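This report refers to the structure that appears directly beneath it.
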């Protein structure tokens with residue numbers, strides 16, 4: 001396990017330094033984060049209020065994937081790769097490089113596919129947690145969703 | 161370890177009371193608890209990690225790593241389940257047990273809840289039965305629980321309540337906006353609404369302050385100790401007697417018996433995984449329906465090859481809890497007032513006497529729905545994600561209201577807790593295996609209650625409503641009960657009316673496991689009252705030969 005991780009890390013390190021872009025994320029590679037960000041932008045889109053991306057949902061996922069959601073690392077790695085593959089297969093580009101309309105089409109297709117649905121459901125669940133849950137876990141930046149809903153923040157009553 | 165008079169396994173709703181009653185009577189007591197003792201410091205208001213929403217883990221135990229269980233789905237497939245995951249039927253593992261983080265509704269069951277079989281006759285496919293005791297037997301102990309732990313509320317306007325000698329010790333909290341709207345609506349429907357009795361201080365009481373009306377109530381520990389559980393009432397009292405020792409993070413492996421078939425003590429692992437033997441004159445199991453049954457089943461010997469109290473295969477049977485059925489509504493304007501706990505008004509009009517139904521449910525407005533919780537409550541036709549989902553949350557979160565209640569269950573012999581000898585926990589102890597389904601009549605009763613809840617919301621002015629119905633699987637969780645049934649006949653029950661194992665004089669099971677039926681109410685106060693009653697019997701029967 002350790003040896004493999006060392007080798008994988010080594011390879012990833014080489015690849016990353018070639019691209020001159022070391023990932024700032026704890027778990028995601030730059031490319032994975034880009035894909036997840038693009039998906040989250042559809043799950044909770046930005047409008048007059050911040051969406052999932054602006055509220056830091058990807059930070060929430062990234063942080064939990066090295067914490068409580070560690071057992072889901074493999075599911076994420078494979079799931080993200082599959083969505084990008086599906087995207088290339090259907091529309092010729094990785095998910096994040098597509099315009100919004102075909103992105104949505106890819107997601108609807110994934111939702112109807114019983115093999116891909118579980119991972120998408122997981123992303124939806126985690127996006128909701130990151131967006132509506134407590135900011136201490138990395139999402140809901142500046143209590144964005146609570147402000148949107150009109151729920152007072154608790155600076156005095158109760159412990160934050 | 162020094163021999164003691166009594167070892168109590170589980171410091172929850174019942175165990176805390178038993179420990180205190182025995183210690184005050186002069187018996188030496190060891191109270192074993194597998195979880196920790198949380199303090200105000202641990203009262204994080206974390207909406208993703210609490211007793212109700214455990215997507216980031218259980219706030220009050222048990223932990224995922226050491227405590228797996230096996231749950232069998234309706235297709236008969238067995239799944240290994242995590243303690244914080246779905247299907248586990250978790251009841252908190254900590255000092256105070258469920259009472260550390262519960263919503264704290266303090267219901268007395270109604271008279272007919274103890275006479276279900278006599279009232280409704282046999283229900284095909286169900287083990288519906290009368291309790292061996294009546295409401296009258298329990299009444300003085302309900303009163304004791306209400307006054308010792310502390311209950312606020314006012315049920316004087318509830319004509320269906322069973323007779324009581326003393327009123328509740330504290331007045332209700334001031335009404336919130338939902339109460340103001342639901343009260344006249346119920347009156348217009350000819351119902352009898354009233355203030356929910358709660359194990360929560362509305363005024364200073366017994367050395368603890370009143371509720372500060374925060375949003376984080378059910379599922380959270382109360383940082384101002386306004387919510388009364390055994391951890392901030394009877395357990396400290398037990399300890400101040402000097403006769404009770406609380407040992408936390410101690411996992412009991414088995415109950416020991418001698419060649420004459422008497423219990424002699426227990427074996428447990430301490431916080432550092434060292435195995436100890438604690439000898440005792442009495443063994444009291446108060447670990448809640450799943451773990452109590454598991455412990456009895458895991459305590460095998462030559463005399464008891466199938467586990468203790470299990471000669472007739474009743475241990476672990478009749479596993480039940482409550483499914484919550486009711487309705488959600490959208491009001492024409494904001495109704496959210498941020499005034500905890502939220503639940504404030506109830507009716508008992510539908511608990512009994514419903515045409516064609518063997519029982520019913522209490523209906524009450526729901527505790528405050530935290531934003532993330534509300535995500536899981538939206539109507540089925542709202543998309544699960546995307547702009548429409550966000551719009552719905554934004555438009556209706558502050559306009560949403562819910563009325564629901566715990567459905568009276570028809571006990572099922574097939575709904576059960578077993579031990580899975582192929583799966584062991586961290587300490588090498590066989591884990592509980594949960595299986596079974598729900599009686600179809602329970603689902604019918606739930607549908608009836610949901611329709612009534614919906615009608616109430618409509619009368620209150622809801623512009624849109626949707627129901628919450630019961631699913632087909634077994635229920636457990638915080639209201640878990642039934643697995644060590646109390647009864648007069650040793651062939652069809654596990655313990656007698658005093659919660660004493662039929663086969664073993666000095667072994668008692670005192671918790672929700674002994675409930676024959678579980679009422680259409682939250683069971684905490686009944687568990688507490690019964691613990692006081694059983695303790696009374698224990699103390700009166702104590703010969704005084706082993707006092708230290």
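Residue numbers (the working numbering), protein chains in the order written: chain A, 1 to 160; chain B, 161 to 708.
Even glycine gets a Cβ: it sits at the ideal position worked out from N, Cα and C.
Note that the coordinates shown come from a computational prediction; the quantities given were computed from them, not determined experimentally.
What does a CB cutoff of less than 8 Å around residue 458 of chain B pick up in its chain, not counting 5 residues either side in sequence? If we look at residue 458 of chain B and ignore the five residues flanking it on each side, its Cβ neighbours are 413, 414, 467, 579, 589, 590.
Ranges of the beta strand (DSSP E) found wholly within the stretch 590-667 of chain B, counting only runs of at least 3: Listed in chain order, they are 590-595, 624-628.
Three-state secondary structure assigned by DSSP to residue 493 of chain B: coil
Residue 133 of chain A - DSSP class collapsed to helix/strand/coil: coil
Applying the criterion that 16 or more other CB atoms from any shown protein chain within 10 Å of the CB defines a buried residue, is residue 236 of chain B buried or exposed? exposed
Host beta strand (DSSP E) of residue 580 of chain B (start-end): 576-584
Given this structure, state the Cα-to-Cα distance separating residue 494 of chain B from residue 560 of chain B, to the nearest angstrom. Cα to Cα, the separation comes out at about 8 Å.
By the DSSP assignment, the alpha helix (DSSP H) with residue 670 of chain B in it spans what residues? Segment: none, residue 670 of chain B is in no alpha helix (DSSP H) and carries neither H nor E.
Taking the alpha-carbon positions, what's the residue 378 of chain B to residue 94 of chain A distance? 44 Å
To the nearest angstrom, report how far apart residue 19 of chain A and residue 31 of chain A are at their CA atoms. Unreliable positioning characterises residue 19 of chain A in this predicted model, as indicated by a pLDDT of 45, which lies under 50. The coordinate reading is nonetheless provided below. Straight-line Cα distance between these residues: approximately 11 Å.
To the nearest angstrom, how far is it from the Cα of residue 262 of chain B to the Cα of residue 211 of chain B? 8 Å
Given residue 514 of chain B as reference, the closest of B:187, B:179, B:272, B:199 once Cα atoms are compared: Looking from the CA of residue 514 of chain B, the closest CA among B:187, B:179, B:272, B:199 belongs to B:272.
Where residue 201 of chain B falls, given that 16 or more other Cβ within 10 Å makes a residue buried: exposed
According to DSSP, simplified to helix, strand and coil, what is residue 148 of chain A? helix
Residue from B:231, B:603, B:555 whose Cα sits closest to the Cα of residue 482 of chain B: Closest in alpha carbon position to residue 482 of chain B, among B:231, B:603, B:555, is B:603.
Do residue 654 of chain B and residue 475 of chain B come within 8 Å of each other at the CB atom, strictly closer than that value? yes
Contact defined as beta carbons within less than 8 Å: I believe residue 450 of chain B pairs with residue 176 of chain B. What is the distance between those atoms, to the nearest angstrom? Not confirmed; about 18 Å, so no contact.
Is the shortest distance between the beta-carbon of residue 532 of chain B and the beta-carbons of chain A less than 8 Å? yes
Of the residues B:209, B:497, B:174, B:276, the one placed nearest residue 389 of chain B, counting alpha carbons only: B:174
Rounding to the nearest angstrom, what Cα-Cα distance links residue 501 of chain B and residue 233 of chain B in this structure? 34 Å
Just checking my contact of residue 326 of chain B with residue 308 of chain B at CB under 8 Å: how many whole Å lie between their CB atoms? Actually they are not in contact, since the Cβ atoms of residue 326 of chain B and residue 308 of chain B sit about 12 Å apart, beyond 8 Å.
Is there a C-beta anywhere in chain A that falls below 8 Å from the one on residue 211 of chain B? no
Using a Cβ-Cβ cut-off of less than 7 Å, list which residues of the stretch 517-547 of chain B approach chain A; keep chain order. For the stretch 517-547 of chain B, which is checked against every Cβ of chain A, the residues closer than 7 Å are 531, 532, 535, 544, 545, 546, 547.
For residue 36 of chain A, go through chain B and note every residue whose CB falls closer than 9 Å to its CB, in chain order. For residue 36 of chain A, none of the residues of chain B pass the 9 Å Cβ criterion, the least Cβ distance being about 14 Å.
What is the DSSP secondary structure of residue 100 of chain A, counted as helix, strand or coil? Correct three-state label for residue 100 of chain A: helix.
Would you be able to state if there are at least three C-beta pairs under 8 Å between the stretch 630-647 of chain B and the stretch 565-576 of chain B? Counting Cβ pairs under 8 Å, three or more are found: they touch.
Under 7 Å: does the beta carbon of residue 197 of chain B sit that close to some heavy atom of the ligand ATP? Annotation note on the ligand ATP: not contained in the displayed structure, which lists no ligands.
How many angstroms separate the CA atom of residue 739 of chain B from the CA atom of residue 251 of chain B? Chain B is shown only over 161 to 708; residue 739 of chain B falls outside these bounds and no answer can be derived.
Rounded C-alpha distance that separates residue 57 of chain A from residue 167 of chain B: Residue 57 of chain A and residue 167 of chain B have their alpha carbons spaced roughly 48 Å apart.
Distance, residue 419 of chain B Cα to residue 204 of chain B Cα: 49 Å
What residue from B:544, B:490, B:666, B:681 has the CA that sits closest to residue 569 of chain B's CA? B:681
Sort B:558, B:224, B:370 by Cα distance to residue 195 of chain B and report the nearest one. B:224
Going along the chain, which residues of its own chain have a beta-carbon closer than 6 Å to the beta-carbon of residue 543 of chain B, five neighbours each way excluded? 549
Using C-beta distances below 6 Å, list every residue in its chain close to residue 197 of chain B, excluding the 5 sequence neighbours before and after it, in chain order. 255, 408
Does the beta carbon of residue 45 of chain A come closer than 8 Å to any beta carbon on chain B? At least one chain B Cβ lies under 8 Å of residue 45 of chain A.
Go to residue 572 of chain B, then tell me how far its alpha helix (DSSP H) extends in each direction, as first and last residue. Careful: residue 572 of chain B lies outside any alpha helix (DSSP H) and carries neither H nor E.
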